[in-house]
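In terms of the numbering used here, the sequence shown opens at residue 1442 and continues consecutively.
Before any comments, here is the structure.
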Amino acid sequence: EVLFYRWVRRRYHRLSPPAVAPQLVANERSKLFDRCLSSVEESVGVQRWIKGWFFGKSFKNLNREDIESWLAWAFFAAASAEDLTEDDESELSQFVRKLEGAIALECGAPTFH
1442 EVLFYRWVRR RYHRLSPPAV APQLVANERS KLFDRCLSSV EESVGVQRWI
1492 KGWFFGKSFK NLNREDIESW LAWAFFAAAS AEDLTEDDES ELSQFVRKLE
1542 GAIALECGAP TFH
C-alpha cells in the first residue's frame, strides 16, 4: 500500500503542470522589492544578502549586469534585463539604485561597475 501511494504521488507530480507566478504590476513589484530590502537583517547586511544569491561569488566581482539579470529574474520573470520593456527597464534601474543606496549606507562602498 505504501509503495502504491508513493507511485501515485510521484506520477501526479510528473503530470502536474509547473506552477507559474502571477505577473505583478509596477507598484506591486516596487512594494515587494522594498519589502525584501527592508527584511534584510542588519547582522547579515545587504552585501552579504546579495552575495548569497550568487553562491558566495566575491562582491567585488559582481557587476551591474549580474545584478540586473538577477533582479529581472526575481521581479519580472525574465531571463535577463534585455528581455524587458522600456518601462520595466526604468523600474529595474530604480531597483538597482535602491540597492546601491542601501550598500552605500551600510559601508560607504562604491556602486556596481
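Backbone N, C-alpha and C fix where the C-beta goes; we use that ideal spot for every residue, glycine too.
Local conformation of residue i per DSSP, three classes
i	result
Q1535	helix
R1498	With the sequence shown as reference, residue 1498 is identified as Lys, and Arg is not the correct amino acid for it. Looking at K1498 - three-state DSSP - the assignment turns out to be coil, as it is neither helix nor strand.
E1482	coil
L1540	helix
L1525	coil
A1520	coil
Cβ neighbour criterion (16 or more within 10 Å) applied to residue i
i	result
E1509	buried
F1566	For the chain, the structure presents residues 1442 to 1554; residue 1566 sits outside this window and is missing.
V1466	exposed
Span of the alpha helix (DSSP H) around residue i
i	result
V1466	Counting along the chain, V1466 falls outside any alpha helix (DSSP H), and DSSP gives it neither H nor E.
E1506	1505–1517
V1443	1443–1456
Discussion item. Pairs of beta-carbons, one from the segment 1496–1504 and one from the segment 1519–1531, closer than 8 Å: are there three or more?
Written reply: no
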